[in-house]
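Student: Below you'll find the structure I mean.
Number of protein chains: 6
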Amino acid sequence: MSKFTHMDNKGRPKLMDVSEKDETLREAVAKGSIFMSKDTLLAIVEGNTKKGDVLSVAQTAGIMAVKRTSEIIPMCHNIPILSVSMDLEPDFENLCINITVSASTFGRTGIEMEVLHGVSTAALTIYDMVKSMDKKMIIGDIRVVKKTGGKSGDVYMD
Amino acid sequence: MSKFTHMDNKGRPKLMDVSEKDETLREAVAKGSIFMSKDTLLAIVEGNTKKGDVLSVAQTAGIMAVKRTSEIIPMCHNIPILSVSMDLEPDFENLCINITVSASTFGRTGIEMEVLHGVSTAALTIYDMVKSMDKKMIIGDIRVVKKTGGKSGDVYMD
Amino acid sequence: MSKFTHMDNKGRPKLMDVSEKDETLREAVAKGSIFMSKDTLLAIVEGNTKKGDVLSVAQTAGIMAVKRTSEIIPMCHNIPILSVSMDLEPDFENLCINITVSASTFGRTGIEMEVLHGVSTAALTIYDMVKSMDKKMIIGDIRVVKKTGGKSGDVYMD
Amino acid sequence: MSKFTHMDNKGRPKLMDVSEKDETLREAVAKGSIFMSKDTLLAIVEGNTKKGDVLSVAQTAGIMAVKRTSEIIPMCHNIPILSVSMDLEPDFENLCINITVSASTFGRTGIEMEVLHGVSTAALTIYDMVKSMDKKMIIGDIRVVKKTGGKSGDVYMD
Amino acid sequence: MSKFTHMDNKGRPKLMDVSEKDETLREAVAKGSIFMSKDTLLAIVEGNTKKGDVLSVAQTAGIMAVKRTSEIIPMCHNIPILSVSMDLEPDFENLCINITVSASTFGRTGIEMEVLHGVSTAALTIYDMVKSMDKKMIIGDIRVVKKTGGKSGDVYMD
Amino acid sequence: MSKFTHMDNKGRPKLMDVSEKDETLREAVAKGSIFMSKDTLLAIVEGNTKKGDVLSVAQTAGIMAVKRTSEIIPMCHNIPILSVSMDLEPDFENLCINITVSASTFGRTGIEMEVLHGVSTAALTIYDMVKSMDKKMIIGDIRVVKKTGGKSGDVYMD
Chain A
0 MSKFTHMDNK GRPKLMDVSE KDETLREAVA KGSIFMSKDT LLAIVEGNTK
50 KGDVLSVAQT AGIMAVKRTS EIIPMCHNIP ILSVSMDLEP DFENLCINIT
100 VSASTFGRTG IEMEVLHGVS TAALTIYDMV KSMDKKMIIG DIRVVKKTGG
150 KSGDVYMD
Chain B
0 MSKFTHMDNK GRPKLMDVSE KDETLREAVA KGSIFMSKDT LLAIVEGNTK
50 KGDVLSVAQT AGIMAVKRTS EIIPMCHNIP ILSVSMDLEP DFENLCINIT
100 VSASTFGRTG IEMEVLHGVS TAALTIYDMV KSMDKKMIIG DIRVVKKTGG
150 KSGDVYMD
Chain C
0 MSKFTHMDNK GRPKLMDVSE KDETLREAVA KGSIFMSKDT LLAIVEGNTK
50 KGDVLSVAQT AGIMAVKRTS EIIPMCHNIP ILSVSMDLEP DFENLCINIT
100 VSASTFGRTG IEMEVLHGVS TAALTIYDMV KSMDKKMIIG DIRVVKKTGG
150 KSGDVYMD
Chain D
0 MSKFTHMDNK GRPKLMDVSE KDETLREAVA KGSIFMSKDT LLAIVEGNTK
50 KGDVLSVAQT AGIMAVKRTS EIIPMCHNIP ILSVSMDLEP DFENLCINIT
100 VSASTFGRTG IEMEVLHGVS TAALTIYDMV KSMDKKMIIG DIRVVKKTGG
150 KSGDVYMD
Chain E
0 MSKFTHMDNK GRPKLMDVSE KDETLREAVA KGSIFMSKDT LLAIVEGNTK
50 KGDVLSVAQT AGIMAVKRTS EIIPMCHNIP ILSVSMDLEP DFENLCINIT
100 VSASTFGRTG IEMEVLHGVS TAALTIYDMV KSMDKKMIIG DIRVVKKTGG
150 KSGDVYMD
Chain F
0 MSKFTHMDNK GRPKLMDVSE KDETLREAVA KGSIFMSKDT LLAIVEGNTK
50 KGDVLSVAQT AGIMAVKRTS EIIPMCHNIP ILSVSMDLEP DFENLCINIT
100 VSASTFGRTG IEMEVLHGVS TAALTIYDMV KSMDKKMIIG DIRVVKKTGG
150 KSGDVYMD
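As you go down the protein sequences, you meet chains A, B, C, D, E and F in turn.
Per numbering that gives the first Met the number 0: the first sequence ends with 157, consecutive numbering throughout.
Per numbering that gives the first Met the number 0: the second sequence ends with 157, consecutive numbering throughout.
Per numbering that gives the first Met the number 0: the third sequence ends with 157, consecutive numbering throughout.
Per numbering that gives the first Met the number 0: the fourth sequence ends with 157, consecutive numbering throughout.
Per numbering that gives the first Met the number 0: the fifth sequence ends with 157, consecutive numbering throughout.
Per numbering that gives the first Met the number 0: the sixth sequence ends with 157, consecutive numbering throughout.
Dropping the structure here:
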């Protein structure tokens with residue numbers, strides 16, 4: 000038997016059966032960062048203060064991606080998304096933008112993949128919009144930091 | 000005037016006009032990693048050797064995501080994808096799987112966002128399939144390492 | 000604090016939290032029209048009577064669009080669609096086709112955006128199929144006319 | 000009145016109203032086959048035994064398609080998919096690969112279209128991956144073999 | 000023979016054959032408006048000036064929709080989108096927001112449907128984000144105002 | 000080395016590199032059938048003659064599916080679709096509806112998968128719309144019958 004819940008006995012993929020799981024409110028929070036030069040970070044922050052939008056576009060893209068996670072991640076269940084909030088914080092000490100995505104669902108399976116997908120999509124969107132200025136950005140530190148409502152109770156990984 | 004090519008004069012987003020750019024063959028390569036415990040890495044590698052599939056599912060998901068990048072990243076052009084290849088290498092020294100995605104297009108705009116999207120989707124797919132074993136995985140080091148065919152000639156960032 | 004339920008404290012978008020709302024049967028009806036020349040209207044109606052299909056294609060497209068609303072409208076929740084019906088009525092007095100879409104869901108949030116999306120997609124589909132005959136069509140009067148099942152009870156806007 | 004539940008009184012399509020139906024666990028199983036030359040079948044099986052992947056890619060594609068059925072089939076409801084499993088069996092007697100897809104949902108409408116869509120997508124994916132070797136493959140025998148949880152009780156068609 | 004280019008001889012839909020058409024640069028511009036109360040318009044404008052985002056989210060959604068038009072409008076060809084720009088102008092005289100979308104492609108068919116889809120999606124997104132304040136908004140006046148690069152030369156409809 | 004063009008040296012999937020192939024006009028034709036009871040076939044044909052729509056909805060769904068093939072079939076390239084036509088013929092001798100889909104592209108890779116996807120989607124749509132009348136329908140005989148414009152010249156498989 001496979002050790003992985005998304006594998007059948009032949010080692011091929013399956014969509015794990017969650018029909019026996021309880022329907023509960025489930026929440027998850029993921030974080031990640033996109034690292035860039037000081038000039039690029041300043042340009043985003045200034046643009047954003049005056050009139051601008053890089054972070055707003057990234058936030059919109061991330062929220063939309065949360066809802067479409069099951070289309071992109073093959074063994075991820077399609078679930079109703081009840082809330083998504085996102086925080087994009089410029090960080091001049093570490094020269095990055097820190098991304099936090101929180102979301103909730105009511106159902107039989109968790110929402111970790113959705114918040115991870117939101118974080119990575121927001122990071123990719125920032126990358127896309129400022130890549131003409133900076134060819135050396137790096138996206139990283141993408142991880143789940145909190146997960147509640149599942150069988151294992153509340154879990155904090157941070 | 001905005002410093003960003005994806006912004007109009009009001010600081011709102013636009014899809015950058017590429018109609019004046021030359022149609023050329025353009026290629027890009029991106030890399031990234033998903034870090035995990037030694038046990039998880041072993042389980043993937045063993046599963047994969049015997050019969051298994053975590054890496055094959057991730058590779059399929061990553062290639063599919065490359066083709067759908069312009070749906071997910073708001074200011075990314077829709078382009079014909081002429082090739083995608085991917086390499087997933089377990090790395091026991093750094094306790095991670097290293098992901099490399101290469102792709103090419105023939106057109107007026109580059110293919111960096113597509114390979115980055117392929118890397119992040121492959122990483123998220125691995126995460127999803129083994130998350131029942133390991134709650135502390137981290138996805139990182141996602142960056143473009145090579146870009147050819149654009150106005151600026153061949154660029155190697157690694 | 001923002002006056003808008005889809006905004007966070009920084010004025011950036013969020014998917015409004017509906018987890019505290021009651022699960023109820025919710026219905027909505029939207030209407031709209033596409034205005035055109037008498038010749039175009041006649042061609043659609045005759046084509047349709049004899050054998051034809053402009054309105055059937057538009058109805059199919061509108062129903063499919065209802066189901067995909069949350070993919071296209073960024074802050075719209077993904078919800079189960081329990082029914083969609085549509086009526087397309089040629090109107091020779093006002094030289095237009097009047098479009099009505101009704102739909103229902105069982106859940107925590109309303110279905111107004113879905114019926115509006117159905118109306119506008121049906122109108123766009125008609126436009127597409129007859130635009131070779133008529134370059135001056137106008138789509139308009141798109142609005143919600145009825146909404147039931149929410150906190151505010153039944154609301155009729157027409 | 001139309002004999003078809005997906006038709007309105009004008010003979011135009013509608014998404015059938017299922018709001019009065021009971022929410023129950025519903026399962027369905029579909030089968031189908033892709034017929035090919037012996038050489039092609041051998042190449043798939045050998046490739047698959049040693050290292051390979053045609054069947055894994057097909058299985059991934061089929062499971063993903065199950066989740067997206069309501070996007071592709073116009074009058075099919077969007078439903079939560081609770082499980083999908085698939086079996087791909089090379090059959091040297093009939094020179095084909097036999098495909099079986101099982102899936103379950105909890106809701107007001109059945110899951111037959113989803114399993115049929117999974118079967119046909121897996122077959123098309125196999126076709127695509129080996130078509131350079133074999134131009135005469137045929138996909139067939141796609142049908143529902145089992146359906147449980149609906150008003151009519153358990154139905155076995157095989 | 001059908002009068003409509005998207006119909007076959009049986010009166011059923013087809014995707015019109017454009018293979019004989021010339022590849023040229025083609026542009027189109029569409030306009031439309033969303034009408035609302037003065038209070039709602041003020042809230043959007045104030046929100047937008049200070050920090051805010053309704054119009055930015057609408058602009059992002061509209062641009063994304065331009066790229067996905069061929070998925071939603073059944074007989075619309077899939078084409079490469081080379082540019083999209085959008086303008087959202089609050090209009091206190093007519094109590095509306097005026098939406099203008101311009102886009103270009105290089106290919107064998109025009110881009111009118113894409114700009115119309117961009118306008119209607121931006122309007123729907125505004126509707127969604129402020130509907131808690133205003134239940135009587137109306138979307139209208141959606142039309143093509145300019146079309147260049149096709150067989151019929153430049154056409155101005157406004 | 001793999002015998003399959005969609006496999007890399009590790010036996011994992013890749014999107015085959017077509018950048019060296021010639022850009023030509025490429026066409027393909029696929030056929031398939033959905034077999035049903037005489038009563039069901041009569042109901043479709045009568046409905047269709049008088050007012051009806053099962054075949055029109057199926058035709059719309061099939062054409063839309065042709066355009067989205069590369070989203071569903073993992074190793075299929077995204078290509079511009081220049082034309083799609085479809086024929087749905089009731090066949091009382093064999094008690095089925097025969098489906099024929101023709102399509103063309105101008106590019107570096109063929110369009111066989113697209114026409115096969117159109118056939119199977121039209122068949123599934125018919126199945127969905129009449130399944131309340133007939134639980135024993137079978138979809139089959141799906142194959143490519145013609146392919147032109149590729150390296151191997153015109154090929155007729157029927």
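Cβ atoms here follow ideal geometry from the backbone N, Cα and C, with glycine treated the same way.
Of all the options Ala57/A, Asp86/A, Ile98/A, Val118/A, which has the alpha carbon lying nearest to the alpha carbon of Thr68/A?
Tutor: It is Val118/A whose Cα lies nearest to the Cα of Thr68/A.
Student: So which residues of chain E does Cys75/C contact, with C-beta pairs closer than 7 Å?
Tutor: Ordered by position in chain E, the residues that pass the 7 Å Cβ test against Cys75/C are Asp127.
Student: Closer than 9 Å between beta carbons: that is the criterion. Which residues of the stretch 94 to 117 of chain F meet it against chain B?
Tutor: Those residues of the stretch 94 to 117 of chain F that come within reach of chain B (Cβ to Cβ, closer than 9 Å) are Gly106, Arg107, Thr108.
Student: Going by C-alpha to C-alpha distance, which of Thr104/E, Pro73/E, Ile138/E, Gly106/E sits closest to Gln58/C?
Tutor: Ranking Thr104/E, Pro73/E, Ile138/E, Gly106/E by Cα distance to Gln58/C puts Pro73/E first.
Student: Could you name the residues of the same chain whose beta carbon sits closer than 6 Å to that of Lys49/B, not counting the 5 residues immediately before and after it, in chain order?
Tutor: With a pLDDT of 42 at Lys49/B, under the threshold of 50, the modelled position of this residue cannot be trusted; read the value that follows with caution. None.
Student: Tell me the start and end of each unbroken alpha helix (DSSP H) in the stretch 41 to 86 of chain F that is at least 4 residues and wholly inside, in chain order.
Tutor: Whole alpha helix (DSSP H) segments, 4+ residues: 53 to 66, 68 to 71.
Student: Helix, strand or coil: how does DSSP classify Ile110/C here?
Tutor: Reduced to three states, the DSSP call for Ile110/C is coil.
Student: Rounding to the nearest angstrom, what Cα-Cα distance links Phe3/B and Phe105/B in this structure?
Tutor: Those two C-alpha atoms are separated by around 24 Å.
Student: Counting Cβ pairs, one atom from each stretch, are 3 or more of them under 8 Å apart for the stretch 29 to 39 of chain E and the stretch 123 to 132 of chain E?
Tutor: These segments touch.
Student: Whole angstroms are fine: how far does the CA of Leu115/C sit from the CA of Ile96/C?
Tutor: Their backbone Cα atoms lie some 16 Å apart in a straight line.
Student: Once DSSP output is grouped into helix, strand and coil, what is the label at Asp38/F?
Tutor: The answer is helix: DSSP assigns Asp38/F an H, G or I state.
Student: By the 10 Å Cβ neighbour count, where 16 or more other Cβ atoms means buried, how is Gly51/D classified, buried or exposed?
Tutor: Unreliable placement is indicated for Gly51/D, whose pLDDT of 49 sits below 50; no coordinate value is reported for it.
Student: Do Glu111/B and Lys146/B have their C-beta atoms closer together than 8 Å?
Tutor: Yes, the pair counts as a contact, with Cβ atoms nearer than the cut-off.
Student: Shortest alpha-carbon distance to Asn93/F belongs to which of Arg25/F, Val144/F, Arg11/F, Leu41/F?
Tutor: Among Arg25/F, Val144/F, Arg11/F, Leu41/F, the Cα nearest to that of Asn93/F belongs to Leu41/F.
Student: Look up Thr120/E in the DSSP assignment and say whether it is helix, strand or coil.
Tutor: DSSP places Thr120/E in helix when its eight states are reduced to three.
Student: Helix, strand or coil, according to DSSP, for Met6/A in the structure here?
Tutor: Note: Met6/A maps to strand in three-state DSSP.
Student: Can you check which of these residues, Met63/C, Glu70/C, Arg142/C, is closest to Ala60/A by C-alpha distance?
Tutor: It is Glu70/C.
Student: Can you check which of these residues, Asn77/A, Lys66/A, Thr39/A, Met63/A, is closest to Phe91/A by C-alpha distance?
Tutor: Selected option, being the one with the closest Cα: Thr39/A.
Student: Within this structure, are the beta carbons of Gly31/D and Gly139/D separated by less than 8 Å?
Tutor: Yes.
Student: Work out the CA separation of Met156/B and Thr108/F for me, nearest whole Å.
Tutor: Looking at the two C-alpha atoms, the distance is approximately 32 Å.
Student: Does any C-beta atom of chain B lie closer than 8 Å to the C-beta of Val56/D?
Tutor: Yes, because at least one Cβ of chain B sits closer than 8 Å to the Cβ of Val56/D.
Student: Just reading off the beta strand (DSSP E) that Asp140/D is part of, what are its end residues?
Tutor: It spans 137 to 147 - the beta strand (DSSP E) in which Asp140/D sits, taken as one unbroken run.
Student: Comparing C-alpha positions only, which one of Val44/E, Val100/E, Ile43/E, Glu45/E sits nearest to Ala64/E?
Tutor: Comparing Cα positions, the closest option is Val100/E.
Student: If you measure from the beta carbon of Met6/F to each beta carbon in chain D, is any gap under 8 Å?
Tutor: True, the Cβ-Cβ gap to chain D drops below 8 Å.
Student: Take Met6/B as the anchor and find which of Ile80/E, Met6/E, Met85/E has the nearest alpha-carbon.
Tutor: Of the listed residues, the one whose Cα sits closest to Met6/B is Met85/E.
Student: Taking C-beta pairs closer than 8 Å, name the residues in chain C that Thr59/F reaches, listed in chain order.
Tutor: Ser55, Val56, Thr59, Ala60, listed in chain order.
Student: Using a Cβ-Cβ distance under 8 Å, would Lys50/C count as near chain A?
Tutor: Unreliable positioning characterises Lys50/C in this predicted model, as indicated by a pLDDT of 40, which lies under 50. A coordinate reading is not provided.
Student: Quick check on DSSP: helix, strand or coil for Leu24/E?
Tutor: In the structure shown, Leu24/E sits in a strand (DSSP, three-state: E or B).
Student: Taking its Cβ as the centre, do 16 or more other Cβ atoms sit within 10 Å of Gly46/A, making it buried, or is it exposed?
Tutor: By the neighbour-count rule (16 or more Cβ atoms within 10 Å), Gly46/A is buried.
Student: Could you name the residues of chain E that Arg25/F contacts, counting a contact when the two beta carbons are closer than 9 Å?
Tutor: Correct list: empty, because the minimum Cβ distance to chain E is about 10 Å.
Student: Which chain B residues are close to Met85/A, counting only those with a beta carbon under 7 Å from its beta carbon?
Tutor: Here the premise fails: no neighbours, minimum Cβ distance about 14 Å.
Student: Under a CB-based cut-off of 8 Å, is Val17/C close to chain A?
Tutor: Answer yes: the Cβ-Cβ gap between Val17/C and chain A drops below 8 Å somewhere.
Student: What is the rounded straight-line gap between the Cα of Thr120/B and the Cα of Pro12/F?
Tutor: For Thr120/B and Pro12/F, the distance between alpha carbons rounds to 15 Å.
Student: For the candidate residues Arg142/E, Ile62/E, Cys75/E, whose alpha-carbon lies nearest to that of Met225/C?
Tutor: Residue 225/C falls outside the range modelled here, since chain C spans only 0 to 157, and no answer is possible.
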